[in-house]
Amino acid sequence: MTDRWEEAAFAFPVEGLDRFLLWAADRGASDIAFRTGAPAFVEIDGVLRRATGAVLDGVAMGRLAERVFDATGEGILRSGRAVDCSYAVARARGAVRRFRCNLSPVLAGHGFGIDLAMRVLPDAPPTLEALGVEDGVAAAWDAPRGLVLVTGVPGSGKSTLLAAGTRRLLERGAGRIQSYEAPIEFTFDHVAGDGALMSSSEIPRHFPSFAEGLRSSLRRRPAAVVVGEARDRETVEAVVRAADYGIAVYATAHTVGVAAAVRRLLAEFPPEERHERGAALIDVMNLVVTQMLPPNPRGGRTAIREWLAFDGALKAALLEEPQARWPARIAEAVARTGNGLAAAAGRACREGRMFESDLRRIQAAAGAMPQFHAESVER
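For the sequence shown, the numbering used here begins at 4 and goes up steadily by one.
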């Protein structure tokens, strides 16, 4: 894309935000960025491109914050806090285009500025099949109880994969499903499924925290709960407790690799609690999936995944080992299945779906992952 939005050649019309967002989304943008003192940018296939001739000043950014969130938005940012929310734009014939938004305070010139990042969400949650998800991942996803963890860096498609799995549950009549997100990214109103009911709550709009939402869900006896992110001790405790109660729990975490995901959750607890917490975590763990989205030489992105289903034999073997050995045992299990990141990247490169430079980077990162050190679970 080399063109720019003509309506913002000289000044950005805040009242035309919806038109700009649809213009960018229709050109294949995955992300849209605004910042005080800069023009608007769009990201297409991982490349950031200038999208407006006009630069947005402080007044325009304040009005954008009010439009995307509400009148309190700029005040929250000036107090030193970020804002996560969703934004929807109506399209023709009742369709809606949704965006995930983050507003953060930044330095602009010598004073206060606003950074607004907007992620373009698909019109509807995709299916696991449309994402090319492996059959083994899909089969493990269907377990009626236990924990499924989706991991990756920001922008790696964790939320989209989680939404596709949620759609699968609804279409297969999984029963009552409750989700807790910050913000709500996908809606499932038009997903068919007579044997399932979906309820979504936004953090902190409806509940102050993921953990509080999960505690509430236990009183409503759902078949499954979806948690936007297991990002602190309280949430990890609540996720494991819900899975231990016989509920299917699906959550994300910001880490790369199956072994690293286990370390990441255990690192939320003090060393003296990790033995007990680790045993509880492994007991409920069903599946860990890590996803990356490197550029595709043919355009777009290529999804590569590392994944491991935790069967009874693997759980028993881990529980017989000291936790310092868990990363090595998990890495060995991943290697035996051939479902590691490096192996997936190699297959994608041979098929022409990935650059060799990205393959080397992923292979180097996989080889550098710590596996044997007990301190790897220390903060």
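Built from N, CA and C at the ideal position, the CB exists for glycine as well.
Hey, quick one: how far does the alpha helix (DSSP H) through W8 stretch, first residue to last?
-> Translated into the one-based positions of the sequence shown, residue 8 becomes position 5. It is not in any alpha helix (DSSP H) - W8 carries neither H nor E in the DSSP assignment.
Does the pairing of the stretch 241-250 with the stretch 350-361 give three or more beta-carbon distances under 8 Å?
-> no
Skipping 5 residues on each side, what residues in its chain have a beta carbon closer than 7 Å to that of A306?
-> The sequence position of residue 306 within the sequence shown is 303, counting from 1. Excluding residues within five positions, the ones whose Cβ falls inside 7 Å are L134, G135, G160, Q294, L296.
Reference T39, options A283, S219, A68, V140, closest by Cα = Counting from one through the sequence shown, the residue named residue 39 turns up at place 36. When each option's Cα is compared against that of T39, the closest is A68.
Between G196, P157, I47, which lies nearest to D29 when the distance is taken from Cα to Cα?
-> As a first step, residue 29 must be located in the sequence shown, where it is residue number 26. For the residues G196, P157, I47, the minimum Cα distance to D29 belongs to I47.
Beta-ladder partner(s) of P42, from DSSP | Mapped onto the sequence shown, residue 42 falls at position 39. BP columns for P42 point to V58.
Select from L268, L221, G260, S204 the residue whose C-alpha is nearest the C-alpha of A233.
-> Stepping through the sequence shown from its first residue, residue 233 is reached at position 230. The option with the nearest alpha carbon to A233 is L268.
For T258, which beta-bridge partners are listed by DSSP?
-> Translated into the one-based positions of the sequence shown, residue 258 becomes position 255. According to DSSP, T258 bridges with nothing at all.
Is V292 near R266, with beta carbons less than 7 Å apart?
-> As a first step, residue 292 is located in the sequence shown; it is residue number 289 there, counting from the start. As a first step, residue 266 is located in the sequence shown; it is residue number 263 there, counting from the start. Their beta carbons are not under 7 Å apart, which means V292 does not touch R266 by this criterion.
Identify whether D118 lies in helix, strand or coil by the three-state DSSP scheme.
-> Here residue 118 refers to the residue found at position 115 of the sequence shown. Here D118 sits in strand by DSSP.
Taking the CB atoms as reference points, tell me whether V92 and D21 lie closer together than 7 Å.
-> In the sequence shown, counting from the first residue as 1, residue 92 sits at position 89. In the sequence shown, counting from the first residue as 1, residue 21 sits at position 18. Yes, Cβ-Cβ distance for V92 and D21 is below 7 Å.
Return helix, strand or coil for R103, following the three-state DSSP convention.
-> Residue numbering aside, residue 103 sits at position 100 when the sequence shown is read from its first letter. Strand at R103.
Please report how far the alpha carbon of D361 lies from the alpha carbon of V156, in whole angstroms.
-> Taking the first residue of the sequence shown as position 1, residue 361 is located at position 358. Taking the first residue of the sequence shown as position 1, residue 156 is located at position 153. So the alpha carbons of these two residues sit roughly 15 Å apart.
Is P128 closer than 7 Å to R170 when the C-beta atoms are compared?
-> Here residue 170 refers to the residue found at position 167 of the sequence shown. Here residue 128 refers to the residue found at position 125 of the sequence shown. Result yes, Cβ atoms of R170 and P128 sit closer than 7 Å.
Rounded C-alpha distance that separates G281 from T238 | Position 278 of the sequence shown, counted from the first residue, corresponds to residue 281. Position 235 of the sequence shown, counted from the first residue, corresponds to residue 238. Computed Cα separation, rounded: 15 Å.
Endpoints, the beta strand (DSSP E) within which E309 is located | Here residue 309 refers to the residue found at position 306 when the sequence shown is read from its first residue. Its beta strand (DSSP E) spans residues 307-312.
Closest to A336 by CA distance: which of F213, L164, A262 is it?
-> Along the sequence shown, one-based indexing puts residue 336 at 333. Nearest option by C-alpha distance: A262.
With 16 other CB atoms within 10 Å as the buried threshold, where does D6 fall?
-> As a first step, residue 6 is located in the sequence shown; it is residue number 3 there, counting from the start. Classification for D6: exposed.
Inter-residue CB distance, I116 and G61 (contact presumed, cutoff 8 Å) | Locating residue 116 in the sequence shown gives position 113, counting from the first residue. Locating residue 61 in the sequence shown gives position 58, counting from the first residue. Checking the displayed sequence, the identity of residue 116 turns out to be Gly instead of Ile. Confirmed, about 7 Å.
What are the uninterrupted segments assigned as alpha helix (DSSP H) that are 4 or more residues long and contained completely in the stretch 269-339, given in chain order?
-> 277-287, 315-322
Hey, V242 and A256: beta-carbon distance below 7 Å or not?
-> By one-based count along the sequence shown, residue 242 stands at place 239. By one-based count along the sequence shown, residue 256 stands at place 253. Against a cut-off of 7 Å, the Cβ pair of A256 and V242 comes out as no contact.
Could you pull out every residue in the same chain whose Cβ sits closer than 8 Å to the Cβ of V228, ignoring the five residues on either side in sequence?
-> Position 225 of the sequence shown holds residue 228. Correct list, in chain order: I180, Q181, S182, Y183, L217, S220, A245, I250, A251, V252, Y253.
State the Cα-Cα distance for the pair R363 and N342, rounded to the nearest angstrom.
-> Here the question's residue 363 lines up with position 360 in the sequence shown. Here the question's residue 342 lines up with position 339 in the sequence shown. Near 17 Å, if we compare the C-alpha coordinates of N342 and R363.
Would DSSP call I206 helix, strand or coil?
-> Locating residue 206 in the sequence shown gives position 203, where the first residue counts as 1. Residue state, collapsed to three classes: coil.
DSSP state of V380 mapped onto helix, strand, coil | Taking the sequence shown and counting its residues from 1, the one referred to as residue 380 is at position 377. Because the pLDDT of V380 is 36, which lies under 50, any placement of that residue in the model is unreliable, and the number read from its coordinates should be weighed accordingly. The answer is helix: DSSP assigns V380 an H, G or I state.
With 16 other Cβ atoms within 10 Å as the buried cut-off, status of R224 | If you number the sequence shown from 1, residue 224 lands on position 221. The residue is exposed, with fewer than 16 neighbouring Cβ atoms inside 10 Å.
Simplified DSSP state of S89, which is helix, strand or coil | What you label residue 89 is simply residue 86 of the sequence shown in a count that begins at 1. Correct three-state label for S89: strand.
Hey, how far is the Cα of R94 from the Cα of R81?
-> Position 91 of the sequence shown, counted from the start, is the residue given in the question as residue 94. Position 78 of the sequence shown, counted from the start, is the residue given in the question as residue 81. If I take the Cα positions, the gap works out to 33 Å.
On the DSSP bridge assignment, give the partners of F37 in chain order.
-> Numbered from 1 along the sequence shown, position 34 holds the residue referred to as residue 37. L119, per the DSSP bridge assignment.
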